[in-house]
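Below is one structure, written out as structure tokens, with a few remarks after it.
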Amino acid sequence: MNHDEYEAIARKILAEYQTRYPSQIVAAGIYGSVAYNEMTLWSDLEMMIVVSENIVPREERFFAGPLLIECDIVTPSQLWKGAHRVTVEWGLEADAYRHQWVLWDPGQWFDRLRMHAVQIPSQAFEHALQESWWMFYEWGCKWRSAMMQKDADRIVSLSWKLAWLAALRWALFTRKPFRSERTMWRDMREANTVLTKLLDALKTPYYLGIQEALHDLWTQTNEWGRPSTVPERIGQLFLA
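If you want the working numbering, it's the position in the sequence shown, counting the first as 1, plus 85.
Spelled out as structure tokens, the structure:
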């Protein structure tokens, strides 16, 4: 499907919601890969319908022919609050508030939302980095346990978890969100040679070099959100 076909489907869906809520729709748009015109054969259509505050927010999923539709029915206050919410997964959540393919917006609501979304207080990022630091250390300990037990399946799955979390921590540290999980690894290969070393190790026969790559990654990132007082062995997490 091409850009015009996605737009035709989206506008048909919007018309159905406008019939359901004839005077209560504030704005409507598309986010995700379709909003960037980067969809593939298997891309779904992610829509955002902004409605009056008296409507109950919800997520609706359905099919338009073979195309999966994910439609978020959201209120202005819900979006406004969400645009400043910084979780560990902010790097994958933030783009929806910053980039939309606008279908209907007579009051320029999305313009105001995008301005609001880039004015997040520093403390919010610092808090998420601290939370993710504890997650990374805990997963690192699980990885060491898997190594001691020679549990190859857990070693590989935990290595991917640590790579994923490192990418999210990078987004928090740099305050640059990804367009999607689809682009995350490509973006990280361009931005961070240390994480790239781990990704390459995960593609090698017998996964050679994973431990060294994890140690290098931890050395690079363990100061981000690190607690003020930690044991001496923290820096040796991935060393033999």
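Glycine residues also receive a C-beta, built at the ideal position from the N, C-alpha and C atoms.
- Within the DSSP bridge table, the entry for C156 names M132 and E145 as partners.
- Beta-carbon to beta-carbon, L283 and L302 are separated by about 6 Å, close enough to satisfy the 8 Å threshold.
- Taking C-beta atoms as the reference points, S244 and L299 count as a pair closer than 8 Å.
- Counting only residues of its own chain and dropping the five nearest sequence neighbours on each side, R311 has a CB closer than 7 Å to the CB of W218.
- By the CB criterion at 8 Å, I110 and C156 fall outside the cutoff.
- The beta strand (DSSP E) runs of length 3 or more contained entirely in the region 178-207 are, from start to end of the chain, 186-189.
- Taken through DSSP and simplified to helix, strand or coil, I115 comes out as strand.
- Rounded to the nearest whole angstrom, the C-alpha separation of S128 and S265 is 12 Å.
- Straight through space, the alpha carbons of G150 and V279 are spaced by roughly 44 Å.
- In this structure, the straight-line span from the alpha carbon of M232 to that of A251 is close to 20 Å.
- Within 10 angstroms of the beta-carbon of F263 lie 16 or more other beta-carbons, which makes it buried.
- Excluding the 5 residues flanking it on each side, A95 has same chain C-beta neighbours closer than 7 Å at I115, L130, M132 and L188, in chain order.
- Two segments are said to touch when three or more pairs of C-beta atoms, one from each, lie closer than 8 Å; by this definition the region 158-173 touches the region 189-202.
- For M86, there is no enclosing alpha helix (DSSP H), as DSSP gives it neither H nor E.
- Taking every protein chain shown into account, the CB of A93 has fewer than 16 other CB atoms within 10 angstroms, so this residue is exposed.
- Counting only the Cα atoms, W249 lies some 17 Å from V171.
- Exposed is the label assigned to Y291, since fewer than 16 other Cβ atoms lie within 10 Å of its Cβ.
- The alpha carbon of D196 has as its nearest neighbour, out of P206, Y91 and Y182, the alpha carbon of Y182.
- Counting along the chain, the unbroken alpha helix (DSSP H) around V279 starts and ends at T278 to A286.
- The DSSP-derived three-state label of I319 is helix.
- In this structure, L198 sits away from W228, with a CB-CB distance that is not shorter than 8 Å.
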